Amino acid sequence: MSFGHRRGWWIGFLLAPALVTMAVFVAWPMLGALRYAFYDFHGLKIGGFVGLQNFVDVLGEPPYRGWTYTALWHNTIVFVSLMVLQNGVAYLLAFALLQGLPGHRVHRVIVFLPVVLSAVIVGFLWKLFLNPLFGLVNQALLLVGVHGPPWLGSEYTALGSLILVNTWHWLGFSTLVFLAGMQSVPAEILEAARLDGATNATLLRRIIWPLVAPSTTILFTLTFIGSFNWFELPYVMAGLNGSPGGATDVLGLYFYRTAFGSVSSGLQDFGHGSALAVLMFAFVGSCAAVALHVLRRREVAL
Amino acid sequence: MFMASFHRLARKAALAACFSVVAGTGVAQAGDITFWTWRQEDRAAYTELFRDFTRANPGINVKFEAFPAETYNTILSTALAGGRGADVVQARAYGGLEQVAKAGYLVPLDIKTVPELGNLPVEALAAESLRADRQVYAMPYASQTLGVFINKAVFSAAGVSVPETWEQFLAACKALKDKGYIPIANGTATAWMDEVFTGIFTNPFLGPEFVADIQAGRATFEDKRYTTALSRLLELRDYFPPGYTGIDYATGQQLFVTGRAAMFAGGSFEISNFRKQNPKLDMGFIAPPAPTAGAARYVAKFFDGGYAVNAKSPNQADAIKLVRFTGTKEYGDRFAALLGNISPIKGVVLADPLLAEVAKLNEVSMPYIMAVYFRFDSPTGSELLSNGVQKMLGGSATPEQVGAEVTQGIARNYPPFQKK
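Written out as structure tokens, the structure reads:
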């Protein structure tokens with residue numbers, strides 16, 4: 000037996016546990032969901048084969064059609080807003096922390112602190128803070144004579160409130176990723192730029208931005224996947240129906256209540272639910288792959 | 000954000016939980032049977048009820064196991080589909096029951112094997128039957144009534160008398176508001192409560208005839224009667240708490256039990272919870288106001304669920320004994336006393352005066368329409384209506400739009416509406 004052959008067996012032996020685990024717990028359920036999407040369901044009992052009907056329903060038949068596109072639109076808003084708010088602010092914050100001003104270590108910890116809380120706790124806390132009657136936010140606004148709106152109850156502010164809370168929760172993570180990227184930029188490059196008279200703004204735009212491209216790639220991809228799979232925060236703060244009146248409905252909530260039922264109806268519809276899951280997976284997977292490919296190309300090796 | 004990994008973790012945890020549930024508690028020992036419920040808070044009461052059962056049936060012990068309400072149906076049907084699950088399971092009613100029973104997971108009950116079914120009224124049994132063949136699958140355990148809770152102390156402090164007609168109701172609300180109380184504690188932020196709210200206040204305007212017309216396909220929810228009834232709800236908006244669109248179910252309950260609000264529109268299932276939160280609360284439960292003086296004040300009524308036997312249970316004989324026991328008057332009396340719910344069993348004594356009041360209101364009742372008739376197919380009438388009413392009360396939909404949306408959504412699976 001040749002060395003290479005034995006090596007092959009050895010590698011196979013080491014890979015097997017991981018592969019089996021992946022196959023059983025990841026690939027198999029996913030293939031299952033794919034199959035379910037083509038069937039009619041009575042509860043968990045599988046009914047007849049219906050071809051593409053479930054997909055046609057969720058994409059083209061009212062009332063599903065409206066729900067699908069509204070949810071997708073909301074996810075898109077969430078993604079764009081988070082890119083600007085969460086990652087944009089994080090970029091500036093990371094640059095500020097990079098300066099090493101007095102107290103920057105404490106600040107770094109403070110900025111990162113909310114990240115360690117679970118989404119359920121964050122959602123619950125902020126739901127209390129935003130309560131129109133005794134919530135912290137409106138009480139504080141009242142001190143300066145402003146009557147705050149019912150943040151989570153108005154269709155104009157509900158989704159925005161959720162986005163801000165999410166930003167509060169994850170800002171520290173984005174900041175840390177950018178900070179790590181900035182710290183790996185060689186100091187002599189920054190010094191040279193400064194000697195040439197570059198201002199902070201120029202530095203941020205022309206020097207650091209292209210050099211932290213790997214961080215941007217990571218954050219873009221994670222924010223994309225996170226935005227389109229958003230579930231915990233809206234679930235805790237707005238409920239499965241995306242209150243008020245579907246103003247905070249996102250694909251995650253829509254999928255969950257379709258497949259598993261909501262409070263007012265224990266009705267489960269695995270067929271349409273699986274069709275939604277498959278569409279979400281295909282959408283997020285393909286977009287993330289394309290984005291990753293494009294973003295990787297702009298990364299420069301130092 | 001970055002929830003991808005959290006998501007995966009959560010999913011794995013859920014899977015693991017399902018497995019341990021299924022593997023760990025599937026089959027009990029001989030002489031022991033298991034009971035599954037979504038009511039963790041009822042553990043103490045059930046422990047007593049099951050002790051009574053064991054006394055009457057020596058050698059059979061019942062093991063109580065509870066699961067979270069939101070995921071109960073999923074856990075139950077997953078377990079049952081895998082040939083596991085408890086011997087006796089608490090099943091929901093109407094659409095929730097049909098889903099589990101239609102798949103053949105439950106033992107059909109009949110008067111020969113379970114003579115105690117005869118102790119129950121027909122409408123209670125209908126709630127635990129399949130629509131197609133009227134076969135009963137579970138022993139109904141409670142009816143729920145939707146109406147208006149009033150804080151008697153607040154009413155008398157404000158010098159307001161309890162209203163009977165719609166006009167009196169609005170006048171009472173105004174008087175309470177002028178005295179600085181929040182007239183109605185409910186907000187609209189929790190979607191399913193919007194359906195409850197609608198069920199309570201629209202029923203007297205609709206009447207049983209409307210329900211018959213809906214069933215026969217003579218009317219849809221676009222009917223003038225329905226949209227007019229919905230538009231009545233808009234008149235109540237002035238009497239909700241400030242910022243009511245952001246007031247959720249829990250906040251509404253708090254406003255009522257602390258006496259900041261005078262009324263709470265809800266179900267009889269709140270009684271024991273309200274008492275626990277404020278034992279001194281002097282509350283009453285009234286029917287919704289009548290459209291005109293002397294007209295009927297229909298409360299909305301539905302059945303909660305029932306006890307069913309797992310078709311794959313190895314202890315079926317013992318399980319049937321337990322279900323038979325839950326159909327006796329003795330069980331009904333104890334159930335009502337311990338859990339503060341109305342047992343539908345004939346002749347049950349309601350020692351609690353408030354429960355007795357609710358039972359009296361049940362004499363003039365109508366079905367809670369969406370729950371009773373439109374939770375069988377997806378999308379359910381309940382989710383369509385709660386979503387629509389939430390928008391309507393928030394000011395972004397008209398009663399006509401809500402009626403049209405609900406009708407269109409239901410028509411997908413409801414032949415009587417398809418002719419229209």
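So the protein sequences, as listed, match chains W and Z. Heads up: the first sequence at position 219 corresponds to 218 in numbering that gives the first Met the number 0, and the numbers run straight through without jumps. Heads up: the second sequence at position 96 corresponds to 95 in numbering that gives the first Met the number 0, and the numbers run straight through without jumps. We put the beta carbon where it would ideally sit given N, CA and C, even for glycine. Model, not experiment: these values are computed from the prediction.
Excluding sequence positions up to five away, which residues of its chain have a Cβ less than 6 Å from the Cβ of residue i?
| i | result |
| --- | --- |
| residue 168 of chain Z | 162, 288 |
| residue 26 of chain Z | Unreliable placement is indicated for residue 26 of chain Z, whose pLDDT of 44 sits below 50; the coordinate value is still reported in the next sentence. The answer is none, since no qualifying residue turns up. |
| residue 107 of chain W | 96 |
| residue 307 of chain Z | 88, 90, 105, 136, 137 |
| residue 45 of chain Z | 63 |
With 16 other CB atoms within 10 Å as the buried threshold, where does residue i fall?
| i | result |
| --- | --- |
| residue 151 of chain Z | exposed |
| residue 82 of chain Z | exposed |
| residue 73 of chain Z | buried |
| residue 199 of chain W | exposed |
| residue 179 of chain Z | exposed |
| residue 18 of chain Z | Only weak support is given to the placement of residue 18 of chain Z: the predicted model assigns it a pLDDT of 43, under 50, and the value that follows is read from those uncertain coordinates. Per the 10 Å Cβ criterion, exposed. |
| residue 256 of chain W | buried |
| residue 155 of chain W | exposed |
| residue 345 of chain Z | exposed |
| residue 262 of chain Z | buried |
Within its chain, find whatever has a CB closer than 7 Å to the CB of residue i; leave out the 5 residues flanking it on each side and keep chain order.
| i | result |
| --- | --- |
| residue 192 of chain W | 202, 206 |
| residue 254 of chain Z | 181, 184, 240, 260 |
| residue 56 of chain Z | 320 |
Does chain Z have any CB closer than 9 Å to the CB of residue i?
| i | result |
| --- | --- |
| residue 30 of chain W | no |
| residue 244 of chain W | yes |
| residue 74 of chain W | no |
| residue 60 of chain W | yes |
| residue 257 of chain W | yes |
| residue 90 of chain W | no |
| residue 137 of chain W | yes |
| residue 130 of chain W | yes |
| residue 281 of chain W | no |
| residue 267 of chain W | yes |
| residue 154 of chain W | yes |
| residue 63 of chain W | yes |
Under a CB-based cut-off of 9 Å, is residue i close to chain W?
| i | result |
| --- | --- |
| residue 73 of chain Z | yes |
| residue 264 of chain Z | no |
| residue 188 of chain Z | yes |
| residue 222 of chain Z | no |
| residue 395 of chain Z | yes |
| residue 377 of chain Z | yes |
| residue 36 of chain Z | no |
| residue 364 of chain Z | no |
| residue 411 of chain Z | yes |
| residue 303 of chain Z | no |
| residue 14 of chain Z | Because residue 14 of chain Z sits at a pLDDT of 43, beneath the cut-off of 50, its placement in the model cannot be relied upon, and the point is left open. |
| residue 89 of chain Z | no |
| residue 328 of chain Z | no |
| residue 307 of chain Z | no |
| residue 143 of chain Z | no |
| residue 243 of chain Z | yes |
| residue 233 of chain Z | no |
Residues bridged to residue i by DSSP?
| i | result |
| --- | --- |
| residue 32 of chain Z | Z/61 |
| residue 41 of chain W | W/44 |
| residue 366 of chain Z | Z/300 |
| residue 472 of chain Z | The structure shown does not extend to residue 472 of chain Z, since chain Z spans only 0 to 419, so no value can be given for it. |
| residue 181 of chain Z | Z/260 |
| residue 341 of chain Z | Z/142 |
| residue 69 of chain W | The partner list for residue 69 of chain W (beta bridge, DSSP) is empty, contrary to what the question assumes. |
| residue 164 of chain Z | Z/289 |
Can you list, in chain order, the residues of its chain with a C-beta nearer than 8 Å to that of residue i? Leave out the 5 residues immediately preceding and following it.
| i | result |
| --- | --- |
| residue 283 of chain W | 223, 224, 227, 228 |
| residue 28 of chain Z | Caution applies to residue 28 of chain Z, whose pLDDT of 47 falls short of 50 and renders its modelled position unreliable; the value that the coordinates give is listed next. The answer is none, since no qualifying residue turns up. |
| residue 411 of chain Z | 376, 378 |
| residue 289 of chain W | none |
Establish whether the CB of residue i and some CB of chain A are separated by less than 9 Å.
| i | result |
| --- | --- |
| residue 53 of chain W | The structure shown contains no chain A; its protein chains are W and Z. |
**Asked** Which residue spans inside the stretch 96-153 of chain Z form an unbroken beta strand (DSSP E) run of at least 3?
**Response** List check, beta strand (DSSP E) in window: 138-150.
**Request:** Could I get the ranges of all uninterrupted alpha helix (DSSP H) runs contained in the stretch 258-334 of chain Z, with 4 residues as the minimum, in chain order?
**Result:** Along the stretch 258-334 of chain Z, the alpha helix (DSSP H) occurs as fully enclosed runs of 4 or more residues at 270-276, 315-324, listed in sequence order.
**Request:** Could you tell me which uninterrupted alpha helix (DSSP H) segments, each at least 4 residues in length, are contained entirely in the stretch 178-213 of chain W, listed from first to last along the chain?
**Result:** The qualifying runs are 186-194.
**Request:** Pick out the complete alpha helix (DSSP H) segments inside the stretch 216-275 of chain W, 4 residues or longer, and give them in chain order.
**Result:** Taken in chain order, the complete alpha helix (DSSP H) segments of 4 or more residues contained in the stretch 216-275 of chain W are 231-237, 250-259.
**Prompt:** Taking only runs of the alpha helix (DSSP H) that begin and end inside the stretch 88-115 of chain W, which ones reach a length of at least 4 residues, in chain order?
**Reply:** Listed in chain order, they are 88-97, 103-111.
**Request:** Entirely within the stretch 15-40 of chain W and at least 4 residues each: give me those alpha helix (DSSP H) ranges in chain order.
**Result:** The qualifying runs are 27-35.
**Request:** Would you mind listing the beta strand (DSSP E) stretches within the stretch 351-409 of chain Z that are 3+ residues and don't spill past its ends, in chain order?
**Result:** Counting only runs of 3+ residues, the beta strand (DSSP E) found wholly inside the stretch 351-409 of chain Z occupies 364-366, in chain order.
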